[in-house]
Amino acid sequence: MLKAEIKAEVLKEVVEIIQTIVDEVKFNFSEEGLSLKAVDPAHVAMVEMELKKDAFISFEADETELGIALNKLDQFLKLSASSDKVTIEHEDDGNRLVLKVNNITQKMPLLDTAGMTDPSVPQLDLPIDVKLLGKHLQTGVKASQNIADHIAISVGPNGFELFSEEDEDSVKLAIPKDQLEELDASEDVRSLFAIDYFANMIKSVDSNKIVQLELGKDYPVKMQFDFADNNGHVMFLLAPRIESV
Amino acid sequence: MLKAEIKAEVLKEVVEIIQTIVDEVKFNFSEEGLSLKAVDPAHVAMVEMELKKDAFISFEADETELGIALNKLDQFLKLSASSDKVTIEHEDDGNRLVLKVNNITQKMPLLDTAGMTDPSVPQLDLPIDVKLLGKHLQTGVKASQNIADHIAISVGPNGFELFSEEDEDSVKLAIPKDQLEELDASEDVRSLFAIDYFANMIKSVDSNKIVQLELGKDYPVKMQFDFADNNGHVMFLLAPRIESV
Amino acid sequence: MLKAEIKAEVLKEVVEIIQTIVDEVKFNFSEEGLSLKAVDPAHVAMVEMELKKDAFISFEADETELGIALNKLDQFLKLSASSDKVTIEHEDDGNRLVLKVNNITQKMPLLDTAGMTDPSVPQLDLPIDVKLLGKHLQTGVKASQNIADHIAISVGPNGFELFSEEDEDSVKLAIPKDQLEELDASEDVRSLFAIDYFANMIKSVDSNKIVQLELGKDYPVKMQFDFADNNGHVMFLLAPRIESV
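Chains as they are written, first to last, in this note's numbering: chain C, 1 to 245; chain E, 1 to 245; chain U, 1 to 245.
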């Protein structure tokens with residue numbers, strides 16, 4: 001059973017974040033709120049998200065798994081303004097989700113969740129930890145996209161760098177230590193990533209929000225940020241590309 | 001003979017409304033103002049419009065029929081700001097319309113009106129009459145377009161509904177009686193329409209303007225609204241689709 | 001050697017102006033500032049531009065020729081806001097230009113300038129001289145583009161006209177003498193031009209800026225305007241089309 005009310009803008013942010021990784025996903029509702037995990041079809045990127053019940057205007061739920069087509073939910077949300085109240089309902093014996101906003105009621109068939117396994121999130125002990133503003137990442141990624149297919153993230157005691165090159169073109173974003181929100185790096189670490197995936201993940205970040213990145217040489221990068229007045233939390237993992245020497 | 005001045009925004013609205021139905025139309029000018037009728041090529045939708053001489057800044061006309069290519073008039077109007085004064089002139093012996101705005105003079109050949117018959121508007125006695133804000137219709141149509149090719153309009157003593165479904169997806173816009181501007185319905189009536197045509201008609205409505213709909217079961221829907229400070233009036237008719245049971 | 005700082009919006013204007021004519025160009029730096037000349041691949045239009053050292057925030061340069069791919073410079077500038085300070089550097093022994101804005105450093109290989117000859121600008125003694133606001137030209141060109149491939153520019157003692165026609169459609173922009181900024185025309189002169197080229201040139205003009213046009217019957221039109229607080233000056237030449245009678 002599920003019956004919840006939520007501000008349209010919060011649900012929009014949830015959809016925007018997950019859509020960077022998958023088109024269909026399993027929403028896991030419990031008494032605590034909403035959680036979900038998803039891995040992209042090529043198994044390069046993973047997202048784990050939690051939205052506490054306090055992020056909702058009202059919330060009542062048993063353990064409920066709902067298979068959601070994100071583009072349909074996205075289209076429904078486009079009928080609402082940011083501050084509109086959206087109602088989400090699911091009857092235990094029903095195969096449809098019932099969504100309401102303003103005078104509109106939309107019924108959406110649920111996807112079969114049998115094939116949607118919960119990916120297991122690897123426990124990584126990453127030595128480097130850095131926090132910076134979303135807009136720095138966005139500018140750096142935009143600059144790199146003009147030039148190359150890959151982006152190197154380097155972090156060390158002196159600061160943070162994004163670097164891309166292709167033939168003789170190169171572009172670098174360098175954020176010195178004093179412009180970072182936080183830096184915990186006792187050594188220099190550099191890893192290479194596919195720029196399209198990284199750009200997608202970055203796209204869902206609010207530009208004035210603080211993002212945490214954790215890195216290890218040739219390890220996946222872990223990116224985390226809060227949303228929905230800190231009642232929501234999201235963690236992305238992105239697998240590295242091996243650098244050819 | 002025709003010599004008239006009109007605010008660009010009023011002529012823009014005229015063009016926008018008629019373009020939802022046809023690309024070429026016959027403008028009928030008389031001492032009273034401008035009137036026109038048009039039916040779409042598939043004979044599914046019809047528009048009838050009147051613009052009284054008071055909608056013009058200045059107006060002088062004999063009975064004059066002018067065949068107009070709407071896309072050319074539309075392009076000309078894009079050269080003007082909303083509040084610009086547009087001058088329209090036609091000499092009795094001329095085969096061109098002369099349009100002026102600011103420092104620009106455009107001469108446009110008139111289309112042959114021989115093949116443009118005035119469609120006869122059927123007299124319908126429709127039992128149901130409802131008035132509501134344009135924005136309600138627009139939201140409901142947008143929601144339906146996400147899902148289906150057809151839209152059902154239902155009106156009864158309790159209120160107004162738009163409904164669409166396709167497979168297991170469904171969407172409903174329900175406006176209860178007290179949120180309607182006016183409701184005159186002693187019975188429940190429901191008719192089905194092609195959503196593309198209905199959406200086109202709705203597109204030309206100002207979202208804060210009151211729209212009148214008249215309905216009868218499996219009869220055409222009649223939609224009317226005023227524009228140009230109530231000196232303009234437009235009536236659309238849209239033929240129903242037969243509902244398969 | 002080159003080391004200069006410039007506001008992003010000024011460099012954006014330089015790129016926008018030259019891109020109307022060519023994709024690749026030779027930037028000539030000297031102690032005085034930046035100058036360049038370019039002719040389009042079809043040899044129909046030519047641009048000559050000067051940007052004095054006072055247009056820069058700081059400026060230090062020897063004689064330096066740099067082959068620039070304008071689309072790369074354009075993409076780099078899109079990473080900046082209008083008021084951002086851009087740094088441009090070139091080492092004498094380097095084959096790359098180094099661009100910096102905010103925390104970004106982009107290195108761009110220079111193009112071989114061997115094949116980029118400086119076109120010689122013809123000395124024309126054009127009898128007609130008129131100055132008018134950019135927005136007048138822009139509206140007239142937009143109107144003409146709706147109708148035809150060519151545009152006639154006519155200037156005489158009474159004023160300035162743009163005229164286009166195709167079959168029975170025609171459009172004319174007429175600016176009488178008293179609405180012009182300046183008019184020096186003792187005779188009537190009319191020349192015909194390809195509208196695409198003329199429209200491109202006009203596109204780079206600020207709409208509230210004064211543009212000077214010089215004309216002679218069936219001679220190229222010469223268009224000049226200042227930018228960057230009058231520290232920049234640009235001259236376009238556009239060859240006429242011969243009017244078939």
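We treat Cβ as the ideally placed atom computed from N, Cα and C, and that holds for glycine.
- From the beta-carbon of C/Arg96, the residues of chain E found nearer than 8 Å are Glu168.
- Taking all protein chains shown into account, C/Ile57 has fewer than 16 neighbouring C-beta atoms within 10 Å of its C-beta and is therefore exposed.
- For E/Phe236, the closest alpha carbon among the candidates E/Val101, E/Met223, E/Glu243 and E/Ser120 is that of E/Met223.
- Here the alpha carbons of C/Ile147 and E/Leu79 stand approximately 39 Å from one another.
- Within the segment 102-150 of chain C, complete beta strand (DSSP E) segments of at least 3 residues are found at 104-109 and 128-133, given in chain order.
- Excluding five sequence positions before and after U/Pro109, the CB atoms of its chain that fall closer than 7 Å to its own CB belong to Asn95 and Arg96, given in chain order.
- DSSP, reduced to helix, strand and coil, places C/Val98 within a strand of the structure shown.
- With at least 16 other beta carbons inside 10 angstroms of its own, C/His90 counts as buried.
- At least 8 Å separates the CB of C/Leu162 from every CB of chain E.
- Listed along chain U is no residue with a C-beta nearer than 9 Å to that of E/Gln179; the closest approach is about 44 Å.
- Non-local C-beta neighbours of C/Asp218 in its own chain, meaning closer than 6 Å and more than five positions away in sequence, comprise Ser191 and Pro240, ordered along the chain.
- Residues of the segment 60-83 of chain C that bring their beta carbon within less than 7 Å of a beta carbon in chain E comprise Gln75 and Leu79, in sequence order.
- The continuous alpha helix (DSSP H) containing U/Asp196 extends over residues Ile195 to Lys203.
- Only those residues of the segment 210-223 of chain U whose C-beta falls short of 7 Å from the nearest C-beta of chain C would be listed, and there are none.
- The criterion of a C-beta distance shorter than 8 Å is not satisfied by C/Leu173 and C/Ala194.
- Taking C-beta atoms as the reference points, C/Ala69 and C/Leu124 fail to come closer than 8 Å.
- Per the DSSP secondary-structure output, U/Pro176 pairs in a beta bridge with U/Gly159.
- Think of a sphere of 7 Å around the beta carbon of E/Ile151: no beta carbon from chain C falls inside it, the nearest being about 13 Å out.
- Where E/Ala239 is concerned, there is no enclosing alpha helix (DSSP H), because DSSP gives it neither an H nor an E.
- Excluding its 5 nearest sequence neighbours in each direction, E/His150 has C-beta neighbours in its own chain below 7 Å: Ser164, Leu192, Phe193, Ala194, Ile195 and Arg241, listed in chain order.
- Every alpha helix (DSSP H) of 4 residues or more that sits fully in the segment 35-106 of chain E is shown, in chain order, as 70-77.
- Residues of the same chain with a CB within less than 6 Å of the CB of C/His233, apart from the 5 flanking positions on each side, are Glu50 and Asp226 in chain order.
- Looking only at U/Thr64, U/Glu31 and U/Leu77, the smallest Cα-Cα distance to U/Glu13 is reached by U/Leu77.
- With distances taken between CA atoms, U/Leu99 lies nearest to U/Lys3 out of U/Lys3, U/Ala228 and U/Leu213.
- Here DSSP, grouped into helix, strand and coil, assigns C/Lys209 to coil.
- DSSP, reduced to helix, strand and coil, places U/Glu16 within a helical segment of the structure shown.
- The way I'd put it, the segment 28-44 of chain E doesn't touch the segment 125-138 of chain U; fewer than three beta-carbon pairs between them come closer than 8 Å.
- Taken through DSSP and simplified to helix, strand or coil, E/Glu5 comes out as strand.
- Here E/Pro122 is exposed: its Cβ has fewer than 16 other Cβ atoms, across all protein chains shown, within 10 Å.
- Among the residues facing chain U, C/His43 is not included, as its CB has no counterpart in that chain under 8 Å away.
- The beta carbon of U/Gln212 is closer than 6 Å to those of Lys131 and Gln224 in its chain, skipping five residues each way along the sequence.
- Of all alpha-carbon atoms in U/Glu48, U/Asp92 and U/Asp206, the one lying nearest the alpha-carbon of U/Thr64 is that of U/Asp92.
- In terms of beta-carbon proximity, E/Ala143 lines the interface with chain C, with at least one pair separated by less than 8 Å.
- Of all alpha-carbon atoms in C/Phe29, C/Gly216 and C/Asn158, the one lying nearest the alpha-carbon of C/Asp178 is that of C/Asn158.
- Rounded to whole angstroms, C/Leu34 and C/Lys52 show a C-alpha spacing of 6 Å.
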